[in-house]
Amino acid sequence: MSRRIRAFKRWMQSQGIEWSNGLEFIDDEEGGGISVKAIFDLNEGDLVATIPKNACLTIKTSLAKDIIEESGLAESLGLSVALMYEKSIGEASNWAGYLQLLPDSECLPLVWTLDEVDQFLTGTELHKTMKEDKTLIYEDWKENIMPIITSGQLDNVDLKCFGVEQYFAAKSLVSSRSFEIDDYHGYGMVPLADLFNHQTGAENIHFTNVSPHSDSDSESDNESDGEEVENGFHDNSNDKPPSVEKVHSSSNGSPTAVDNKSYMNGHAEGQTTSEDDPTLKDDPTALEIIVVRAVKSGDEVYNTYGTMGNAALLHRYGFTEPDNSYDIVNVDLKEVIKWSSDLFSCRYSRVRVSLWRKLGCSGCVSENSEYFEISSDGEPQIELLILLYIIFLPEKTYDKLNQSVPFVEDVNKTVNILLSEDYSNKKVSLETPENVNSLLLTKKVCDALLSLADIRESFYGVNSISDDIEALKRCSCVRERKLYHSLVLRVSERKIIKKLRTYASKRSSKPKKR
């Protein structure tokens, strides 16, 4: 056991954090970080850790609470200031034993240089986003942290700990390690809970919030509970971290649907409780980590940070997963309009997009961009197919639809209107998505998809996908972490574009009856 793991365990005991003797903390100091393995079999329902609320580093528990709240800071911005403050006071911090376990920063693109962002992320879904993020976060520091530094409120600490580089480093830790705990504490760093690595769709544990309410509480409390789901890349630096699930306790005070048979370490003496601190009386009694999928002895114990593609994983957590089924590629609406304008004219494209919107269609919207998703199997979003279909409508059909069709809100109705008009006014069967796509995928639409695939592929530069695959084989995940994960992202996205080509080519070659 490493020295820093021993120090962390002593600190956890001093804070009343309990954990199962079945958990082993593995410290790979050469670059792999810390992982958690099972010493013996863990069964579904086992309670493997209990973490008092006041052991979590939050705005409410930090010594910088007054400074943060008087400055009007909250959420990840406020928590980043709390983290910088606690690090600045060293051993005087109540979390010194926890903070010594953390890296100075996580290897997120957020803390890469602009040259590295350009070198590693060109063409990917992250490239533009990271440049925008770095600008916005610098502005956050200038507008919110600088006034605190110059106000004299930090006279007793080293002001160098609040510089712009330190703020970016703190943001990387908060982004990758924080949880949304509850309404009172908001965002927080949760010691022990942040040591479990992520595995998509195969997690072993859930992090829960045991509340002292009875089973008769309103079910509305749980309507939005559970894990945040990101089925693509809609991430930004201000997104919420994973939420703690709520578990209401029964009338006798025991958590519902939880088997408390795990062997737990006892609380250390002197732990502050809600009896000692009146501000904590309304808080949930504890945070608990519960096994939801059995773990065999010797296997790693995984958490999940949500179901998300590699762009979102790299953006927020600094890693990727090979063969991630949640990967997507985006095609911007502006690229579709530019392609159409080059083929026809700007005015032609504008009026066709106008009809598309009149028929109730739009792409995905994030910040100031509108785009279409291509799923991991290469299938384009149906709204893109509808737009391409409208672009190629004969002028006579377009004029009739534009003059006669009212505003539509249902996409199925939109497709029926389009295809019924274009297919000799016959009612079109929409029984299956496959039938709809088959009718929308005319040869012209398929050729358009191939052209858009070529345009999207060109963003990656001169290296081919084969070049990227060979570079990935030679790359070390530990020694060349930035290059490795950016290559995983590039390869996964380019494979999707290749599948889009296959998707369009197969359908383009099939004869269609009119």
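Just so we're on the same page, our numbering is the position in the sequence shown counted from 1, plus 650. Every residue, glycine too, gets a C-beta built ideally from N, C-alpha and C.
Would you decide whether Lys703 is buried or exposed? Buried here means 16 or more other CB atoms lie within 10 Å of its CB. Taking the first residue of the sequence shown as 1, we reach residue 703 at position 53. Buried, since its Cβ has 16 or more Cβ neighbours within 10 Å.
Which stretch, first to last residue, makes up the alpha helix (DSSP H) that contains Tyr967? For the purposes of this step, residue 967 is taken as the residue at position 317 of the sequence shown. It spans Asn960 to Tyr967 - the alpha helix (DSSP H) in which Tyr967 sits, taken as one unbroken run.
Start and end of the alpha helix (DSSP H) containing Asp678? On the sequence shown, position 28 is the one that residue 678 refers to. Where Asp678 is concerned, there is no enclosing alpha helix (DSSP H), although the beta strand (DSSP E) it sits in stretches over Leu673 to Asp678.
Short of 6 Å in beta carbon distance, which residues of its chain neighbour Leu1035, apart from the five on each side in sequence? Order them along the chain. The residue given as residue 1035 occupies position 385 in the sequence shown. Excluding positions up to five away in sequence, the list reads Leu1090.
Nearest-angstrom Cα distance between Pro1030 and Glu1143? In the sequence shown, counting from the first residue as 1, residue 1030 sits at position 380. In the sequence shown, counting from the first residue as 1, residue 1143 sits at position 493. Using only the alpha carbons, I get a separation of about 14 Å.
Our contact map puts Gly1010 next to Thr1092 with C-beta atoms below 8 Å; I'd like the distance itself, whole angstroms only. Looking up residue 1010 in the sequence shown gives position 360. Looking up residue 1092 in the sequence shown gives position 442. Gly1010 to Thr1092, Cβ: 21 Å. No contact.
Put Asp1049 into one of helix, strand or coil per three-state DSSP. Within the sequence shown, numbered from 1, the residue matching residue 1049 stands at position 399. Three-state result, Asp1049: helix.
Helix, strand or coil: which one does DSSP assign to Cys996? In the sequence shown, residue 996 corresponds to position 346, counting from 1. Helix at Cys996.
Residue environment, Lys1132, which counts as buried when at least 16 other CB atoms sit within 10 Å: The residue labelled residue 1132 in the question sits at position 482 within the sequence shown. Answer is buried; the Cβ neighbour count reaches 16.
Would you tell me roughly how many angstroms separate the C-alpha atoms of Val767 and Tyr1048, rounded to the nearest one? Locating residue 767 in the sequence shown gives position 117, where the first residue counts as 1. Locating residue 1048 in the sequence shown gives position 398, where the first residue counts as 1. If you take the alpha carbons of Val767 and Tyr1048, they lie about 44 Å apart.
Span of the alpha helix (DSSP H) around Ile1032: The residue you call residue 1032 lines up with position 382 of the sequence shown. Run containing Ile1032: Ile1032 to Ile1041, per the alpha helix (DSSP H) assignment.
Can you tell me the Cα-Cα spacing of Ile1146 and Glu756, whole angstroms? Locating residue 1146 in the sequence shown gives position 496, where the first residue counts as 1. Locating residue 756 in the sequence shown gives position 106, where the first residue counts as 1. Whole-angstrom Cα-Cα distance: 28 Å.
Label Val1112 either buried or exposed according to how many other C-beta atoms from any shown protein chain fall within 10 Å of its C-beta, with 16 as the threshold for buried. For the purposes of this step, residue 1112 is taken as residue 462 along the sequence shown, with counting starting at 1. Val1112 should be labelled exposed.
Within the stretch 794-851, note down every full alpha helix (DSSP H) run reaching 4 residues or more, in order along the chain. 796-800 and 814-827
Local conformation of Ala732 per DSSP, three classes: What you label residue 732 is simply residue 82 of the sequence shown in a count that begins at 1. Helix.
Under DSSP, the alpha helix (DSSP H) around Asp1097 begins and ends at which residues? Working through the sequence shown from its first residue, we reach residue 1097 at position 447. Segment Lys1093 to Ser1108, the alpha helix (DSSP H) holding Asp1097.
Do Ala732 and Ile701 come within 9 Å of each other at the CB atom, strictly closer than that value? To locate residue 701, count along the sequence shown from 1; it is residue 51. To locate residue 732, count along the sequence shown from 1; it is residue 82. It is not a contact, given that the beta carbons lie outside the stated cut-off.
From Arg1124, Phe1022, Ile1119 and Leu1069, pick the residue whose C-alpha is nearest to that of Leu1204; which is it? With the chain covering only 651 through 1164, there is no way to say anything about residue 1204.
Between Cys706 and the rest of its own chain, which residues show a CB-CB distance below 6 Å, the 5 nearest in sequence each way excluded? Reading the sequence shown from its first residue, position 56 is the one you call residue 706. Taken in chain order, the residues that qualify are Gly838 and Val840.
Look up Ile940 in the DSSP assignment and give the residues it is bridged to. Numbered from its first residue, the sequence shown carries residue 940 at position 290. Partner(s): Leu697 and His856.
Run the CB neighbour count on Cys1096, radius 10 Å, all protein chains shown included, and call it buried at 16 or more, exposed below. As a first step, residue 1096 must be located in the sequence shown, where it is residue number 446. Buried: at least 16 other Cβ atoms inside 10 Å.
Quick test of the definition: if touching needs 3 or more C-beta pairs under 8 Å, does the stretch 730-749 touch the stretch 774-785? no
With DSSP as the reference, label Glu668 as helix, strand or coil. The residue given as residue 668 occupies position 18 in the sequence shown. The answer is strand: DSSP assigns Glu668 an E or B state.
By alpha-carbon positions, which one of Asn1087, Val1141 and Ile1115 ends up nearest to Ala1167? Not covered by the structure: residue 1167. The range shown for the chain is 651 to 1164.
Would you kindly work out how many angstroms separate the C-alpha atoms of Asp933 and Glu668, rounded to a whole number? The sequence position of residue 933 within the sequence shown is 283, counting from 1. The sequence position of residue 668 within the sequence shown is 18, counting from 1. Because the pLDDT at Asp933 is just 39, under 50, the model does not fix this residue reliably, and the point stays unresolved.
Determine the closest residue to Leu823 out of Leu749, Asn980 and Lys1094, with distance taken between C-alpha atoms. Taking the first residue of the sequence shown as position 1, residue 823 is located at position 173. Of Leu749, Asn980 and Lys1094, the residue nearest in Cα terms is Leu749.
Starting from Phe1022 and walking both ways along the beta strand (DSSP E), at which residues does that stretch end? Here residue 1022 corresponds to residue number 372 of the sequence shown, with the count starting at 1. Per DSSP, Phe1022 belongs to the beta strand (DSSP E) from Ser1019 to Ile1024.
For Phe818 and Lys1050, what's the separation of their Cα atoms in angstroms? Residue numbering aside, residue 818 sits at position 168 when the sequence shown is read from its first letter. Residue numbering aside, residue 1050 sits at position 400 when the sequence shown is read from its first letter. The alpha-carbon atoms of Phe818 and Lys1050 are separated by roughly 56 Å.
Could you pull out every residue in the same chain whose Cβ sits closer than 8 Å to the Cβ of Leu713, ignoring the five residues on either side in sequence? If you number the sequence shown from 1, residue 713 lands on position 63. The answer, listed in chain order, is Tyr735, Glu736, Ile739, Ser743 and Asn744.
Mind reading off the beta-carbon distance from Glu971 to Asn980? Whole number of angstroms is fine, and I expect it under 8 Å. Residue 971 sits at position 321 when you count from the first residue of the sequence shown. Residue 980 sits at position 330 when you count from the first residue of the sequence shown. No, Glu971 and Asn980 are not in contact; Cβ-Cβ is about 19 Å, not under 8 Å.
Length of the line joining the Cα atoms of Thr1152 and Val951: In the sequence shown, counting from the first residue as 1, residue 1152 sits at position 502. In the sequence shown, counting from the first residue as 1, residue 951 sits at position 301. Inter-residue distance for Thr1152 and Val951 is about 38 Å (C-alpha atoms, whole angstroms).
Could you give the first and the last residue of the continuous beta strand (DSSP E) run that contains Val981? Within the sequence shown, the letter at position 331 stands for residue 981. DSSP places Val981 inside the beta strand (DSSP E), whose first and last residues are Val979 to Asp982.
Taking just the CA atoms, how far does Ser975 sit from Glu1107? In the sequence shown, residue 1107 corresponds to position 457, counting from 1. In the sequence shown, residue 975 corresponds to position 325, counting from 1. Near 20 Å, if we compare the C-alpha coordinates of Ser975 and Glu1107.
Compare the beta carbon distance of Lys784 and Ser726 with 9 Å and say whether it is the shorter of the two. The sequence position of residue 784 within the sequence shown is 134, counting from 1. The sequence position of residue 726 within the sequence shown is 76, counting from 1. No; because the gap between Cβ atoms is not below 9 Å, this pair is not in contact.
Buried/exposed call for Gln1053, threshold 16 Cβ in 10 Å: Taking the sequence shown and counting its residues from 1, one reaches residue 1053 at position 403. Counting Cβ neighbours within 10 Å, Gln1053 comes out exposed, since fewer than 16 surround it.
Does DSSP classify Leu1009 as helix, strand or coil? Position 359 of the sequence shown, counted from the start, is the residue given in the question as residue 1009. If DSSP states are grouped into helix, strand and coil, Leu1009 belongs with coil.
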